[in-house]
Amino acid sequence: MAMREAMSASNAVPAAPSASSASSLSSLSSMSPLNAVALAAAFSLAGAIGTLHAQAPVTEKSPSAAANTTAKPPAAAATTAPPGVASATSVATPAKVFVTMGDKPSVMYDAPSTKANKIFIINALTPLELLVRLDKLTKVRDMEGAIGWVENTSLGERRHVQVSSATAEVHANPAANAPLVFEAQRMVVLEVTGTTTDGWLPVKHRDGQAGFIRLSQVWGD
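Residues in the sequence shown are numbered consecutively from 686, following the working numbering.
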């Protein structure tokens, strides 16, 4: 009986030692050849299992997780113009349009009707800025800024301007060193007789004197 117990003990395969147990490894040399072979086989099996785990493919992310990690497209470039630069959609300010009263004075109304309140009487040949034109009346603004309505039949065809500076010199030629023809005071009306040349406008006084005046010194053209 004692011999069978000893043989059973010598044939038993010991459990594989943990990686952290240095004393189990050091005792390998003192074991019997049969026990050493069994222990070596256990270590080989444990290494093979670890290798299989290391080579196993990584599980793919679920659709919801993949959707949350999708890169967002880059934001569109800003289209705002830098400060001080006009936008591409800006509309240029339209040029002013002027009309002139006829040869007779006319009433200015506060509404587009001859039954509206009368504001004042406009002198003949006075230049006016055109604001709105209707069938029978036109909305205008004078050089002083007064706005009202005048009858279309009271407007004339000839172009006139009004002196806007305190005084303005009218020269014989379109040059500051040209001979002086006459001086005109503020609010004086002059008839336009031609087109602008280098900032000078040809004009004529109602008394017959004619010459060139600086465009910057008149209003209505």
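Beta carbons: idealized from backbone N, C-alpha and C, even for Gly. Remember, it's a predicted structure, so these values are computed and weren't measured experimentally.
- When rounded, the separation of the alpha-carbon atoms in K821 and L840 is 11 Å.
- Per DSSP, reduced to three states, the secondary structure at T882 is strand.
- Note that the C-beta distance between Q894 and V848 is not below 8 Å.
- In this structure, L886 lies near L900, with their beta-carbon atoms less than 8 Å apart.
- Residue environment for F805: exposed (fewer than 16 other C-beta atoms within 10 angstroms of its C-beta).
- V784 has L813 as its beta-bridge partners, per DSSP.
- Its chain contains A863, P864, L865, V866, G896 and F897 as the residues whose beta carbon lies nearer than 7 Å to that of H856, once the 5 sequence neighbours on both sides are disregarded; these appear in chain order.
- In this structure, DSSP gives T852 an extended state, which the three-state scheme calls strand.
- Distance from the CA of T881 to the CA of L810, rounded to the nearest whole angstrom, comes to 20 Å.
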